[in-house]
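The block underneath contains the structure these notes are about, expressed in structure tokens.
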Amino acid sequence: MCIFYGGYAMEENKDVRVKPGIAQELYDWVETFCVALTAVVLVFTFVCRFVTVDGNSMIETLHDKDRLIISDLFYTPKTGDIVVVQDTKEPAFKGPIIKRVIASAGETVDIDFDNWKVTVTDVNGNSRVLDESYVNFVDGEPMANPKDMAVYYPHAVTEYPHTVAENCVFVMGDNRNNSLDSRYVGDVDRRMVLGKAYLRIFPFTKAGLLK
1 MCIFYGGYAM
11 EENKDVRVKP
21 GIAQELYDWV
31 ETFCVALTAV
41 VLVFTFVCRF
51 VTVDGNSMIE
61 TLHDKDRLII
71 SDLFYTPKTG
81 DIVVVQDTKE
91 PAFKGPIIKR
101 VIASAGETVD
111 IDFDNWKVTV
121 TDVNGNSRVL
131 DESYVNFVDG
141 EPMANPKDMA
151 VYYPHAVTEY
161 PHTVAENCVF
171 VMGDNRNNSL
181 DSRYVGDVDR
191 RMVLGKAYLR
201 IFPFTKAGLL
211 K
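In my numbering, the protein residues as written are 1 to 211.
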């Protein structure tokens, strides 16, 4: 459109929008991908991570090759939590293991091996028998007791009641007769706890939050 001004015709300024070229569009895609990838890396570095169950010590709750998401963000271990413990000084442990927290520092654990009963007494002297419906109970067999195996496991807890050491946790597998845990290797330093297992993502048929 032209505007007549002072006898001269002048063309009005227009917004001219240039369609982005292929190079610009490609750059935008790469930039978006890099931002998303960085966000994912940060999340799985500082917030949560994937782990794979190795072994049968948590049957029937968890099975070999189950894939879980764990996190240690603002986490303090407490009784009943399923946690991943990294390698310790105990030679019997081969890499990270997954167990259930039975008691924390200052609490006292007592185990009735014949009747599969675990009692935890808190720092205030309040005792309770744990409701362990998750345990793989073997009818007619006592719960595995490492008392006679102390020669193989020098850190084994052989006397109960047992008070958990400072800054430590006492852990056991749900498959009590097939689990290498605090009964054999003693209390676990809390610094060795990589995080709590919150979610199972594989197999897909069992995916969901862990209770």
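Even for Gly, the Cβ is constructed at its ideal location relative to N, Cα and C.
Since this is a predicted model, take the numbers as computed values, not measurements.
Go ahead and pull the three-state DSSP assignment for residue i.
i       : result
Lys-206 : helix
Arg-191 : helix
Met-172 : strand
Asp-110 : strand
Val-151 : coil
Phe-46  : Low confidence applies to Phe-46: its pLDDT is 47, below 50, so where it sits in the model is not reliable, and the reading given next is rough at best. Three-state DSSP puts Phe-46 in a helix.
Ile-22  : helix
Val-53  : coil
Ala-39  : Low local confidence applies: a pLDDT of 49 at Ala-39 is under 50, so the model's placement there is unreliable, with the coordinate-based value given in what follows. Helix.
Gly-164 : Sequence inspection shows Val at residue 164; the Gly mentioned does not correspond to that position. If DSSP states are grouped into helix, strand and coil, Val-164 belongs with coil.
Thinking C-alpha only, which one of the options is nearest residue i?
i       : options                            : result
Glu-141 : Leu-199, Asn-115, Ser-182, Phe-170 : Asn-115
Thr-52  : Pro-154, Phe-113, Ile-59, Ile-69   : Ile-69
Asn-136 : Thr-119, Asp-174, Arg-67, Lys-211  : Asp-174
Val-171 : Ile-59, Lys-78, Leu-26, Asn-56     : Lys-78
Ile-201 : His-63, Asn-167, Val-85, Gly-95    : His-63
Just mark residue i as buried or exposed, buried being the case when its beta carbon has 16 or more other beta carbons within 10 Å.
i       : result
Lys-196 : buried
Asp-150 : Note that residue 150 is Ala in the sequence shown here, rather than Asp. It counts as exposed.
Val-43  : Because the pLDDT of Val-43 is 48, which lies under 50, any placement of that residue in the model is unreliable, and the number read from its coordinates should be weighed accordingly. Under this definition Val-43 is an exposed residue.
Thr-76  : exposed
Cys-2   : Note on Cys-2: pLDDT 46, under 50, position unreliable in the model; no value is reported.
* To do: Would you check if there are 3 or more beta carbon pairs closer than 8 Å linking the region 117–133 to the region 92–106?
  => Enough Cβ pairs lie closer than 8 Å, so yes.
* Asked: Contact between the region 153–162 and the region 181–191: three or more CB pairs below 8 Å?
  -> The answer is yes - the region 181–191 touches the region 153–162, with three or more Cβ pairs under 8 Å.
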